[in-house]
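Read through the structure below, which is laid out as structure tokens, and then see the notes.
In my numbering, the protein residues as written are 91 to 387.
Written out as structure tokens, the structure is:
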């Protein structure tokens with residue numbers, strides 16, 4: 091019994107000594123803990139203030155760049171690049187104030203650079219693509235483009251450090267990597283001041299061909315947005331198809347009037363053809379009856 095009591099007393103004594111050591115250690119390092127806590131608090135304050143300062147600097151920078159008459163795409167690209175650099179500087183400064191050895195950080199960044207570069211090959215390609223877009227200028231902010239690799243089309247909203255955003259005709263935002271745009275095939279529909287509107291309409295073989303061409307010509311001549319003096323305005327027979335005569339016609343207009351002219355002429359052609367009895371045929375099967383048998387042609 092005495093042995094059991096002695097063992098229990100020793101265990102209690104050991105626990106008391108451990109607690110005493112913990113309390114003593116905590117008391118000795120209270121200043122260090124408080125100092126570290128203050129540094130963490132100051133780091134968050136610095137991050138908040140730095141964020142506000144960066145936003146202010148970017149705002150001033152954008153105003154300055156706009157005053158130099160730079161294109162919106164160049165301004166957007168420079169703004170996104172400077173944003174990344176400023177935040178990198180801010181985080182590095184905060185890490186330094188927290189007592190992180192800058193030499194060690196630099197060595198770590200250098201040693202990880204190759205691995206990060208390999209992991210971010212796509213991003214680096216997109217960054218280089220953004221620079222090529224700004225230098226070669228295949229398009230600019232506000233242009234309507236068609237990206238053929240993925241069959242995407244829309245109006246360029248901005249050109250950022252890694253990607254370009256376009257707005258589709260149904261008001262959706264599409265993000266396309268700059269590398270894809272710089273290496274792929276692109277059609278810029280807004281680069282030229284004038285644009286040709288191409289149409290094709292079928293008429294029946296029984297319809298009056300000359301009357302149909304006259305109707306289309308009159309519509310082209312009366313349209314307020316068609317460039318009347320342009321030599322490229324044409325009406326012609328494009329094909330003698332199996333069940334119809336295909337009429338092609340072209341009308342030139344200002345680029346910004348393209349859709350107005352296209353929709354208006356298409357509607358007016360249909361209305362005029364209906365009024366003058368010009369039939370627009372549809373796919374059908376004609377059956378002739380001969381000697382009591384039905385033969386399909």
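Don't be surprised by glycine CBs; every beta carbon is placed ideally from N, CA and C.
For the pair of segments examined, the region 261-272 was found not to touch the region 346-354: the number of CB pairs separated by less than 8 Å stays below three. Within the same chain, and ignoring the five residues on either side of residue 281 in sequence, the residues whose Cβ sits closer than 8 Å to its Cβ are 229, 233.
A direct Cα-Cα distance of roughly 40 Å separates residue 162 from residue 359.
Two segments are said to touch when three or more pairs of C-beta atoms, one from each, lie closer than 8 Å; by this definition the region 243-253 does not touch the region 299-313.
Judged by DSSP secondary structure, residue 243 falls within the beta strand (DSSP E) whose first and last residues are 242-249.
Between residue 293 and residue 370, the gap from beta carbon to beta carbon is short of 8 Å. Straight through space, the alpha carbons of residue 278 and residue 253 are spaced by roughly 17 Å.
Contact between the region 164-182 and the region 127-135 is absent: fewer than three C-beta pairs spanning the two stretches fall below 8 Å. In the displayed model, residue 364 falls within a helix according to three-state DSSP. By the Cβ neighbour-count rule, residue 313 is buried, with 16 or more other Cβ atoms within 10 Å of its own.
Collapsing the DSSP output to three states places residue 140 in a helix. At the C-beta level, residue 367 and residue 289 stay beyond 8 Å of one another.
By the Cβ-count criterion, residue 310 is buried, with 16 or more other Cβ atoms from all chains shown falling within 10 Å of its own Cβ.
Taking 8 Å as the cut-off, the Cβ atoms of residue 335 and residue 295 count as close.
For residue 263, the enclosing beta strand (DSSP E) has its first and last residue at 263-267. Looking only at 322, 333, 329, 328, the smallest Cα-Cα distance to residue 341 is reached by 322.
Residue range 299-312 is occupied by the alpha helix (DSSP H) that includes residue 312.
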